[in-house]
Amino acid sequence: MKKLTAIICILALLTAFTGCNNNETSDSFPENTGVSAPESTTENTESTENSESTPESSSVPEQRLSDEELEMISKLEVQSFVGVDGETVMATDAAEVFDAEKPHNEVGSPGFKFDSVTVGDDVLELDEDGNFIEHERLSTVLRYDFAYIRYCRPLFYIGEMLDKDVEQQMIDELPEDKWFKVRAGDKLDCGLTVKKAVYEHFPAETYENTIRDNYIEFDGEVTLEGIMSAVKNDDAYLVKMNDLTFRPDPTKTSGIPDCTRALDTEYVISRGMYNSDGDYYLADGYAAWIIGTVDDIDSGYILGDDDVVRVKVTLKNVKYGGILSVDLPAFYAEITDIERID
Numbered sequence: 431m432k433k434l435t436a437i438i439c440i441l442a443l444l445t446a447f448t449g450c451n452n453n454e455t456s457d458s459f460p461e462n463t464g465v466s467a468p469e470s471t472t473e474n475t476e477s478t479e480n481s482e483s484t485p486e487s488s489s490v491p492e493q494r495l496s497d498e499e500l501e502m503i504s505k506l507e508v509q510s511f512v513g514v515d516g517e518t519v520m521a522t523d524a525a526e527v528f529d530a531e532k533p534h535n536e537v538g539s540p541g542f543k544f545d546s547v548t549v550g551d552d553v554l555e556l557d558e559d560g561n562f563i564e565h566e567r568l569s570t571v572l573r574y575d576f577a578y579i580r581y582c583r584p585l586f587y588i589g590e591m592l593d594k595d596v597e598q599q600m601i602d603e604l605p606e607d608k609w610f611k612v613r614a615g616d617k618l619d620c621g622l623t624v625k626k627a628v629y630e631h632f633p634a635e636t637y638e639n640t641i642r643d644n645y646i647e648f649d650g651e652v653t654l655e656g657i658m659s660a661v662k663n664d665d666a667y668l669v670k671m672n673d674l675t676f677r678p679d680p681t682k683t684s685g686i687p688d689c690t691r692a693l694d695t696e697y698v699i700s701r702g703m704y705n706s707d708g709d710y711y712l713a714d715g716y717a718a719w720i721i722g723t724v725d726d727i728d729s730g731y732i733l734g735d736d737d738v739v740r741v742k743v744t745l746k747n748v749k750y751g752g753i754l755s756v757d758l759p760a761f762y763a764e765i766t767d768i769e770r771i772d
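Numbering (my numbering), first residue to last: 431 to 772.
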């Protein structure tokens, strides 16, 4: 096999990032996604003899947020947003509210500034006449106990450069792209189960420029086919020398999650040069997968003298990190088994 150069679009994709109501049930998932909410283990202990409620037994909804958190929400000019699944999410439905400028160690980084023109403690916004409008500067983050994902659609092409019209036709023929929410306990079509799901929303006062973030941890293992390369550029963004980057093939496995740019569906298609021979790459799915380093595999057997190879790999401890999270916007996983496919 000719020596390939890892000009794979995965590294280009890694540079591309600037990455409902909580009372909903699994009915909000799109049909035929295969995602199922965990079965309820709550038993109905109500008896016919004690079916009438009394003042003592009447349930009062527990206040989810603290008074301090509700006070932070009250200062927001924007009290809701529409998620990528089309559902409206209220600020008061958040599981947690915190100030991004203060240390917050679990998921989220202190000192984060939203992307807008700032002068002192003011945020400046242009009106329709081009004049600056001043708003009080807020750094409130709304954290929800769900995350947005989509499934990669069956598009995975490697070959000669495509005519733009042909490429667009391939994309247009894909099934409708559907985003949906997942929570802890939900199982994906690929077999992974959601262990933890977090979505962080950073409202930017009165306009739509917001920071979006997903963080998801999965239980179980998943076996995928795709193309893998070892990073040889020590200056690569988000990755380091000898990291293994992987692009799964969604024509071989259904239900592969994708989370990057959850509210910007224009960027869900990957494209670019595949190797030094001029092969072109086109696939549905934007998030990169970082699956370890060359020290985790028999590199002589798997990679040989090639920089890019096709592999079948079984992964565990899969997680996805987004912009505000402790990890950067990519999938991270550990290899339990790998073989080269020639």
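Where a beta carbon is used, it is the ideal one built from N, C-alpha and C, also for glycine. Owing to the predicted nature of the structure, the values given are computational and were not obtained by experimental measurement.
Sequence-distant partners of Ala-521 (beyond 5 residues in either direction) whose C-beta falls short of 7 Å from its own C-beta, in its chain, are Ile-503, Leu-506, Gln-509, Ser-510 and Leu-572. Look at Leu-622 here: in three-state DSSP terms it is coil, with no helix or strand label. In this structure the region 616-635 does not lie against the region 714-729, because fewer than three pairs of beta carbons, one per stretch, are closer than 8 Å.
Counting along the chain, Leu-592 sits inside no beta strand (DSSP E), nor does DSSP assign it H or E at all. In this structure, DSSP gives Val-724 a helical state, which the three-state scheme calls helix. Under the three-state reduction of DSSP, Asp-523 is assigned to helix.
Straight across, the Cα-Cα distance linking Pro-633 with Asp-643 is about 12 Å. A Cβ-Cβ distance of about 7 Å is found for the pair Glu-651 and Leu-745, placing them in contact under the 8 Å criterion. The three-state reading of DSSP puts Tyr-581 in strand, counting E and B together. For Thr-653, the CB contacts under 6 Å within the same chain, skipping 5 residues up- and downstream, are Thr-744 in chain order. Comparing alpha carbon positions, the residue from Asp-737, Asp-619 and Asp-649 closest to Thr-683 is Asp-619.
Considering only Ser-569, Ala-525, Phe-761 and Asp-497, the residue with the shortest C-alpha distance to Ile-721 is Phe-761.
Around the beta carbon of Ser-659, 16 or more other beta carbons lie within 10 angstroms, which makes this residue buried. Counting C-beta atoms within 10 angstroms of its own C-beta, Ser-496 has fewer than 16 neighbours from the protein chains shown and is therefore classed as exposed.
Residue environment for Tyr-731: exposed (fewer than 16 other C-beta atoms within 10 angstroms of its C-beta). Spanning the alpha carbons of Ile-657 and Gln-493 requires a straight line of approximately 49 Å.
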